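Trainee: The structure that follows is given in the form of structure tokens.
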Amino acid sequence: MKRIAITLVAGLLAVLFAATPPVQAQQAKRPNIVIILGDDLGFADIGAFGSEIKTPNLDSLASEGVRFTNFYTHASCSPTRSMLLSGVDTHLNGLGNMDEWIAPNQRGVVGYEGYLNKRVATLPQLLKESGYHTYMVGKWHLGKAPDQIPAARGFERDFSLLDGGGSYWDMTNITAAVPKSLYTEDGRYLTKLPEDYYATKTYTDKLIGFIDANRGDGKPFFAYVAHQAPHDPFHLPKEWRSRHIGEYDKGWDAVRQARLKRQIELGIMPEGTKLSERMWFIPDPIVLAPAARAILGKKMELYAGMVENMDFHVGRLMDHLKKIGEYENTIFIVFGDNGAEGTDLFKMIAGNPGTRDFLFAAINWSQTHPNAWGDPGSYVGYGPMWAQVSMTPFSQYKGWMAEGGIRNALILSGPAVKRPRGSVNHGLMHVADIMPTLLEIAGAGYPKTYRGQELPSLMGKSWGRVLAGQAESPRTEQDYLAWEIFGNRAVRQGDWKLRWEYKPLGKGDWELFNLAADPAERKDLAAERPDKVKALMALWDDYVRKNNVILPSRSMFETLDDQLPKRVPDDPGYPPLIYKKQFVPPKDMMAYPKP
1 MKRIAITLVA GLLAVLFAAT PPVQAQQAKR PNIVIILGDD LGFADIGAFG SEIKTPNLDS
61 LASEGVRFTN FYTHASCSPT RSMLLSGVDT HLNGLGNMDE WIAPNQRGVV GYEGYLNKRV
121 ATLPQLLKES GYHTYMVGKW HLGKAPDQIP AARGFERDFS LLDGGGSYWD MTNITAAVPK
181 SLYTEDGRYL TKLPEDYYAT KTYTDKLIGF IDANRGDGKP FFAYVAHQAP HDPFHLPKEW
241 RSRHIGEYDK GWDAVRQARL KRQIELGIMP EGTKLSERMW FIPDPIVLAP AARAILGKKM
301 ELYAGMVENM DFHVGRLMDH LKKIGEYENT IFIVFGDNGA EGTDLFKMIA GNPGTRDFLF
361 AAINWSQTHP NAWGDPGSYV GYGPMWAQVS MTPFSQYKGW MAEGGIRNAL ILSGPAVKRP
421 RGSVNHGLMH VADIMPTLLE IAGAGYPKTY RGQELPSLMG KSWGRVLAGQ AESPRTEQDY
481 LAWEIFGNRA VRQGDWKLRW EYKPLGKGDW ELFNLAADPA ERKDLAAERP DKVKALMALW
541 DDYVRKNNVI LPSRSMFETL DDQLPKRVPD DPGYPPLIYK KQFVPPKDMM AYPKP
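Per the numbering used here, the sequence shown starts with residue 1, numbered consecutively.
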């Protein structure tokens with residue numbers, strides 16, 4: 001009997017312990033998070049979104065996860081980045097205008113500091129405090145002073161370009177304001193770069209090193225991979241420059257048509273979608289001489305090489321995570337920061353921001369022969385004709401409020417995604433949604449105050465129900481989105497969009513579009529639907545009041561004749577390029593301690 005009793009007790013204990021796993025096993029391991037941001041990467045530049053550019057690694061993430069076709073960023077880089085990292089509108093978080101373009105009437109106004117201000121808490125700060133390692137590599141563009149750099153805003157480790165762009169080979173900048181680019185590593189300013197530096201490669205090398213340095217401690221990581229690629233100048237190793245020889249000689253119209261056909265086949269765009277009209281200053285490629293088409297096609301060849309090289313290094317990161325057993329527990333979020341960049345000599349005509357910097361680069365970076373394109377010292381952009389290709393089927397590109405300026409491809413994969421693998425979602429999404437989404441996934445809340453500062457409400461909405469397959473969008477039909485930068489502005493509610501843009505790409509008046517029927521914004525319905533214009537203008541006014549929107553007293557899109565009558569007493573003169581003193585570190589750039 002005693003033996004039977006002992007056996008029964010042992011069996012009971014075995015059952016109890018089997019039914020009650022260890023505490024550590026009960027708590028699901030929190031996922032790693034990797035955000036891969038392409039700089040000026042177009043909506044249609046990834047294979048999974050219709051491109052002929054070969055992006056097998058990004059395509060594999062799309063096949064394992066979900067593609068989103070109605071995802072919005074901002075029309076320019078630093079405003080998008082500010083919302084990504086704060087979840088708060090640009091006019092509140094410090095990027096009401098880009099630092100390089102602060103207008104006279106915006107100077108000194110809260111929300112227009114030109115850097116990510118201290119009135120917001122950042123995603124890495126909150127994730128770090130909830131137990132995540134936080135890493136950043138790549139372009140920052142949200143402040144250069146010691147209390148504004150990545151290490152001061154929540155990143156435990158970083159290797160960062162502080163400027164908005166630059167050489168991929170060395171510290172040569174693309175701006176006349178600060179000819180030498182600024183970099184930080186782990187909170188210290190750098191005086192030189194690694195010997196074998198190439199931006200896309202080095203960023204990946206550094207991140208892999210950061211991840212490996214803390215392997216085995218049980219903590220998940222958040223990695224913000226803010227690639228320069230494919231932002232101009234188109235610098236890339238020689239072996240990546242000849243993968244599409246002659247492919248683009250047929251011209252931009254043919255490539256756009258082919259991309260749209262694939263988008264419809266993939267379910268990215270609905271059947272019957274039309275291309276936006278070719279912009280008025282872009283020639284029909286058929287009328288150009290073969291040599292002219294070939295030289296312009298070579299620019300697109302280089303751009304395609306930039307995208308493929310970025311994809312290759314994304315693949316290196318993916319392979320490393322698989323090797324160390326972290327891939328299956330990693331969420332990947334991939335998108336571009338704004339519409340494709342239309343920079344080229346055409347920029348003088350199209351009126352994009354940055355003409356001064358293009359001239360500075362063209363004059364000072366003298367390797368202009370096509371055989372040297374991609375080398376250190378060269379400067380190549382691909383122009384508005386190819387930017388329209390990158391934004392197929394949409395109208396316009398970076399800097400403008402048409403869909404080509406603010407809509408982006410989004411890929412999300414990993415353990416948080418419960419929707420069918422490889423599916424396509426058409427719900428309305430916004431870059432500011434990423435912060436509440438990731439805080440929810442990480443089990444971290446958004447506080448009312450942070451370090452004694454009352455925080456603004458998050459503008460974004462969590463994608464939790466969308467990723468779980470319980471909703472198509474985090475927004476209702478009553479919710480709206482709104483944008484303003486450089487004086488260009490827009491508001492979208494449901495399928496309807498109202499936009500106001502400066503000439504020459506806009507009308508200098510409100511235009512109305514139904515995006516469900518007309519995603520390429522070919523037909524202005526403002527005259528036919530004054531009721532809808534009135535309703536959306538009321539939403540615009542609501543947005544202005546809530547977010548302290550101050551339209552610039554003048555815009556870089558205006559011509560010189562337009563600007564002269566609008567000068568104000570403290571206006572430094574034309575062109576309106578630098579409105580406040582740029583931050584320049586002391587000669588001893590290592591003088592600052594780690595924040």
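Even glycine gets a Cβ: it sits at the ideal position worked out from N, Cα and C.
Note that the structure is predicted; figures quoted are calculated from it, not measured.
Got a sec, what are the start and stop residues for the alpha helix (DSSP H) Gly272 sits in?
Mentor: Mapped onto the sequence shown, residue 272 falls at position 272. Gly272 -> no alpha helix (DSSP H), and no H or E assigned at all.
Trainee: Give the DSSP bridge partners of Asp163, in chain order.
Mentor: Along the sequence shown, one-based indexing puts residue 163 at 163. The partner list for Asp163 (beta bridge, DSSP) is empty, contrary to what the question assumes.
Trainee: If you draw a straight line from the alpha carbon of Trp252 to that of Arg30, how long is it in whole angstroms?
Mentor: Here residue 252 refers to the residue found at position 252 of the sequence shown. Here residue 30 refers to the residue found at position 30 of the sequence shown. When rounded, the distance between both Cα atoms is 45 Å.
Trainee: Which residues in the same chain have their Cβ closer than 6 Å to the Cβ of Glu440, if we skip the five residues on either side of it in sequence?
Mentor: Taking the sequence shown and counting its residues from 1, the one referred to as residue 440 is at position 440. Cβ within range, chain order: Ser462, Gly464.
Trainee: At the level of alpha carbons, what is the spacing between Pro230 and Glu341?
Mentor: On the sequence shown, residue 230 is found 230 positions in, with the first residue counted as 1. On the sequence shown, residue 341 is found 341 positions in, with the first residue counted as 1. When rounded, the distance between both Cα atoms is 10 Å.
Trainee: In chain order, what residues of the same chain have a beta carbon less than 6 Å from the beta carbon of Gly597, not counting five sequence neighbours either side?
Mentor: Any answer about residue 597 is impossible in this case: the structure gives the chain only from 1 up to 595.
Trainee: Use the C-beta contact count for Gly65: other C-beta atoms within 10 angstroms, 16 or more gives buried, fewer gives exposed.
Mentor: The residue labelled residue 65 in the question sits at position 65 within the sequence shown. Gly65 is buried by the Cβ-count criterion.
Trainee: Inspect the beta-carbon positions of Leu116 and Ala444 and report whether they are closer than 8 Å.
Mentor: The count along the sequence shown starts at 1 and reaches residue 116 at position 116. The count along the sequence shown starts at 1 and reaches residue 444 at position 444. Contact: no.
Trainee: Indicate whether the contact test is met: 3 or more Cβ pairs, each with one atom in the region 266-285 and one in the region 380-400, closer than 8 Å.
Mentor: Touching, per the Cβ criterion.
Trainee: Which same chain residues, not among the five before or five after Gly47, have their C-beta less than 6 Å away from its C-beta?
Mentor: As a first step, residue 47 must be located in the sequence shown, where it is residue number 47. Same-chain partners within the cutoff: Thr55, Asp59.
Trainee: In this structure, what does DSSP give as the bridge partners for Trp500?
Mentor: Sequence index remark: in the sequence shown, residue 500 carries index 500 (1-based). Trp500 is bridged to Arg489, Trp510.
Trainee: Within its chain, find whatever has a CB closer than 7 Å to the CB of Asn329; leave out the 5 residues flanking it on each side and keep chain order.
Mentor: Within the sequence shown, numbered from 1, the residue matching residue 329 stands at position 329. So the list reads Lys29, Pro31, Asn32, Pro415, once near-sequence residues are dropped.
Trainee: Whole angstroms are fine: how far does the CA of Ala145 sit from the CA of Leu162?
Mentor: In the sequence shown, counting from the first residue as 1, residue 162 sits at position 162. In the sequence shown, counting from the first residue as 1, residue 145 sits at position 145. Computed Cα separation, rounded: 10 Å.
Trainee: Please confirm whether Ala432 and Gly399 have their CB atoms less than 8 Å apart.
Mentor: Here residue 432 refers to the residue found at position 432 when the sequence shown is read from its first residue. Here residue 399 refers to the residue found at position 399 when the sequence shown is read from its first residue. Not closer than 8 Å, so no.
Trainee: Considering only the beta carbon of each residue, do Gly649 and Leu458 sit closer than 8 Å?
Mentor: Residue 649 is absent from the structure shown; the chain starts at 1 and stops at 595.
Trainee: Identify, in the order they occur along the chain, each residue of the same chain with its Cβ nearer than 6 Å to the Cβ of Asp89, setting aside the five sequence neighbours on each side.
Mentor: For this step, residue 89 is matched to residue 89 along the sequence shown. These residues qualify, in order along the chain: Met459, Asn547.
Trainee: Quick check on Val88: does DSSP put it in helix, strand or coil?
Mentor: Working through the sequence shown from its first residue, we reach residue 88 at position 88. Looking at Val88 - three-state DSSP - the assignment turns out to be coil, as it is neither helix nor strand.
Trainee: What residues in its chain sit with their C-beta under 7 Å from that of Ile324, if we drop five residues either side in the sequence?
Mentor: As a first step, residue 324 is located in the sequence shown; it is residue number 324 there, counting from the start. Excluding sequence neighbours, Ile324 sits near Arg215.
Trainee: Beta-carbon within less than 6 Å of Leu123's beta-carbon, same chain only, minus the 5 sequence neighbours each way: which residues are those?
Mentor: Walking along the sequence shown from the start, residue 123 turns up at place 123. Hits under 6 Å: Leu85, Met435.
Trainee: Tell me the DSSP bridge mates of Arg67?
Mentor: Taking the first residue of the sequence shown as position 1, residue 67 is located at position 67. BP columns for Arg67 point to Ile411, Val424.
Trainee: How many angstroms separate the CA atom of Ala516 from the CA atom of Asp495?
Mentor: The residue labelled residue 516 in the question sits at position 516 within the sequence shown. The residue labelled residue 495 in the question sits at position 495 within the sequence shown. The straight-line gap from Cα to Cα measures roughly 6 Å.
Trainee: Using 8 Å for Cβ pairs, my map puts Phe332 next to Ile36. What's the rounded Cβ distance?
Mentor: Along the sequence shown, one-based indexing puts residue 332 at 332. Along the sequence shown, one-based indexing puts residue 36 at 36. Contact flag correct, Cβ pair sits at about 7 Å.
Trainee: Going by C-alpha distance, which of Lys507, Tyr224, Gly452, Asp509 is nearest Lys118?
Mentor: Counted from its first residue, the sequence shown places residue 118 at position 118. Nearest of Lys507, Tyr224, Gly452, Asp509 to Lys118, Cα basis: Gly452.
Trainee: Count the C-beta pairs between the region 174-184 and the region 234-249 that are closer than 8 Å, then say yes if the count reaches three, no if not.
Mentor: No, they do not touch.
Trainee: Going by other Cβ atoms of all chains shown within 10 Å of its Cβ, with 16 needed for buried, is Ala442 buried or exposed?
Mentor: Stepping through the sequence shown from its first residue, residue 442 is reached at position 442. Ala442 should be labelled buried.
Trainee: Pro601: which of Ser82, Ser167, Glu156 sits nearest, CA to CA?
Mentor: Since the displayed the chain opens at 1 and closes at 595, residue 601 lies outside it and no answer follows.
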